[in-house]
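K.L.:
Here's a structure for you.
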Amino acid sequence: MGSLISADNHLAIWAVIMASSAFGVYAEKKGWIKNIAGVMYTMVLTAILALIHFLPSASGDKDVVVYDFVFDYVTPMAIPLLLFSANILKIIKESGRLIVIYLIGAAGIVIGSIISFFIVNVGPETFKVAGVFVATLVGGSVNFVAASETLDFSTSSLFTTTMAVDNFGIQFYLIFLFYLPFIKVLQKYYPELDAKNNNAAIEETEEPGEKPSIGSITYAIAISALITFAGSWLGGLLAQLFNTTANLSLLVITILMAIVVSTFPKIFKKLEDIAFSLGMSMLYIFLAVVGAASNLKDVFLAGPGILIFATLTLLIQFIIIMFFGKIFKFSLKEIAIASCANVSGPTLSAPMAASFNAKNMVTPAVLVGILGYVIGTILGVSVGFWLAP
Numbered sequence: 005m006g007s008l009i010s011a012d013n014h015l016a017i018w019a020v021i022m023a024s025s026a027f028g029v030y031a032e033k034k035g036w037i038k039n040i041a042g043v044m045y046t047m048v049l050t051a052i053l054a055l056i057h058f059l060p061s062a063s064g065d066k067d068v069v070v071y072d073f074v075f076d077y078v079t080p081m082a083i084p085l086l087l088f089s090a091n092i093l094k095i096i097k098e099s100g101r102l103i104v105i106y107l108i109g110a111a112g113i114v115i116g117s118i119i120s121f122f123i124v125n126v127g128p129e130t131f132k133v134a135g136v137f138v139a140t141l142v143g144g145s146v147n148f149v150a151a152s153e154t155l156d157f158s159t160s161s162l163f164t165t166t167m168a169v170d171n172f173g174i175q176f177y178l179i180f181l182f183y184l185p186f187i188k189v190l191q192k193y194y195p196e197l198d199a200k201n202n203n204a205a206i207e208e209t210e211e212p213g214e215k216p217s218i219g220s221i222t223y224a225i226a227i228s229a230l231i232t233f234a235g236s237w238l239g240g241l242l243a244q245l246f247n248t249t250a251n252l253s254l255l256v257i258t259i260l261m262a263i264v265v266s267t268f269p270k271i272f273k274k275l276e277d278i279a280f281s282l283g284m285s286m287l288y289i290f291l292a293v294v295g296a297a298s299n300l301k302d303v304f305l306a307g308p309g310i311l312i313f314a315t316l317t318l319l320i321q322f323i324i325i326m327f328f329g330k331i332f333k334f335s336l337k338e339i340a341i342a343s344c345a346n347v348s349g350p351t352l353s354a355p356m357a358a359s360f361n362a363k364n365m366v367t368p369a370v371l372v373g374i375l376g377y378v379i380g381t382i383l384g385v386s387v388g389f390w391l392a393p
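In structure tokens:
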């Protein structure tokens, strides 16, 4: 059965994709359903539009030029824009001891995902699910997308389910982390947070970012385009060198971006807010197309298995971070903040630190969360390739 909007009606498809992206942003701002990310509204909407044959399906037999353009060009351009704050040198210098427990938590996610792979079977793409969960739980949505593209998972019927579990499932874990420092039975086994021992209490007066202008927007897009070109070219060379069909471009783009930002931090600092907004806009467009690729029947059938996979991964991560947190004498607040930075990135770890009245932990919480954006894709793709049959 053909769709109401044909695959070659490019402008109409673009209009619906952009409108669906805007709807997601608006819905998140309005907060119609608490803790639901805007991208979920966008993905569900386009999935329904494809299901009722209003939009052509991205997973159909006929190629849709608009969808191919998004996968081939929009997505790679989004990754550098989202990494303008990935200054590795600053992260290492100012994150203090929190980076230690954060890295332990990241290792816990890797171990948890590998163990889950051998226990929970969700089909022939279980190794991809493992890699993608490592990427998103160590980093965030940007890593979810990059790892999915590299592992050829973005057009899988499991993609939407995995994204949904990532958005819905971790909410319960994050709620638990907010209460963790106040569980009395654990308090006697862990020290209190001592602000004097946290050498990350550094207050800096940073230059404010530039206000949006034609110049700043153009500079950000130009830099992203150059990095995307260089990363795609190098990724192609590496793929030939290692004789692999895997798309290494986004992985190389991530590494290149971290190197360039760390080398020229002042340039990127001025543009990071504008670049992030542009990158998120592109991310919404990408996920709108992914929604159109979803088979809702497969999504619902695969849901329980994916949820069990994620739950087991987080449980193992929690056990590991609590065990080593006790050995290295980290407080429950530090453990909670680090684990939150693992799972949700800097957007929630900083508010968590503030809510714990640990003001000197706010900046380190942001920095280790940003570190996740850099290493998440690398770890996720590595796990996926290692577990591949």
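So the number in the working numbering is just where the residue sits in the sequence shown, counting from 1, plus 4.
Backbone N, C-alpha and C fix where the C-beta goes; we use that ideal spot for every residue, glycine too.
Of all the alpha helix (DSSP H) runs that stay within the bounds of the stretch 305-373, which reach a length of 4 or more residues?
P.N.:
Whole alpha helix (DSSP H) segments, 4+ residues: 336-348, 350-359.
K.L.:
Is Tyr163 near Phe280, with beta carbons less than 8 Å apart?
P.N.:
Rather than Tyr, the amino acid found at residue 163 in this sequence is Phe. Contact: no.
K.L.:
Assess contact between the stretch 353-370 and the stretch 119-133, defined as three or more Cβ pairs (one per stretch) separated by less than 8 Å. Is contact present?
P.N.:
no
K.L.:
According to DSSP, is Thr159 part of a helix, a strand, or is it coil?
P.N.:
Here DSSP, grouped into helix, strand and coil, assigns Thr159 to coil.
K.L.:
What's the C-alpha gap between Ile221 and Gly309?
P.N.:
42 Å
K.L.:
Does DSSP put Ile9 in a helix, a strand or coil?
P.N.:
Ile9: coil per DSSP, three-state reduction.
K.L.:
Which residue spans inside the stretch 227-302 form an unbroken alpha helix (DSSP H) run of at least 4?
P.N.:
253-267, 269-296
K.L.:
Keeping to the same chain, check which residues put their C-beta closer than 7 Å to that of Leu8; ignore five residues upstream and five downstream.
P.N.:
His57, Phe58
K.L.:
Throw me the rounded Cβ distance for the Phe148 and Ala139 pair, which I believe falls under 8 Å.
P.N.:
6 Å
K.L.:
Ile331: buried (16+ other C-beta within 10 angstroms of its C-beta) or exposed?
P.N.:
exposed
K.L.:
Compute the distance between the beta-carbons of Gly28 and Tyr193, then report whether it is under 8 Å.
P.N.:
Not in contact: Gly28 and Tyr193 (Cβ atoms no closer than 8 Å).
K.L.:
Quick check: the Cα distance between Gly219 and Thr46, rounded to an integer number of angstroms?
P.N.:
30 Å
K.L.:
Measuring straight from C-alpha to C-alpha, what distance separates Val69 and Ala234?
P.N.:
24 Å
K.L.:
Have a look at Lys66, Met81, Thr159, Val133 and flag the residue whose alpha-carbon is nearest the alpha-carbon of Ala292.
P.N.:
Thr159
K.L.:
Can you have a look at Leu245 and say buried or exposed, based on whether 16 or more other CB atoms are within 10 angstroms of its CB?
P.N.:
In this structure Leu245 is exposed. Its beta-carbon is surrounded by fewer than 16 other beta-carbon atoms within 10 angstroms.
K.L.:
Straight-line CA distance for Leu190 to Arg101?
P.N.:
C-alpha of Leu190 to C-alpha of Arg101: approximately 21 Å in a straight line.
K.L.:
In angstroms with no decimal places, state the Cα-to-Cα distance between Ile341 and Lys333.
P.N.:
Looking at the two C-alpha atoms, the distance is approximately 15 Å.
K.L.:
In angstroms with no decimal places, state the Cα-to-Cα distance between Ala205 and Val372.
P.N.:
Note that Ala205 scores 41 on pLDDT, short of 50, meaning its location in the model is unreliable and no value can be drawn from it.
K.L.:
Can you check whether the CB of Leu178 is closer than 8 Å to the CB of Ser348?
P.N.:
yes
K.L.:
For my contact list, Ala151 and Val294 are in at a C-beta cut-off of 8 Å; report their separation, rounded to the angstrom.
P.N.:
Incorrect: roughly 13 Å between the Cβ atoms, too far for contact.
K.L.:
Can you tell me whether Ser99 is helix, strand or coil according to DSSP?
P.N.:
In the displayed model, Ser99 falls within coil according to three-state DSSP, outside both helix and strand.
K.L.:
Whose C-beta lies closer than 7 Å to the C-beta of Ala19 among residues of the same chain, with five residues either side of it excluded?
P.N.:
none
K.L.:
Throw me the rounded Cβ distance for the Leu282 and Pro80 pair, which I believe falls under 8 Å.
P.N.:
Contact doesn't hold; Cβ gap of about 14 Å is too wide.
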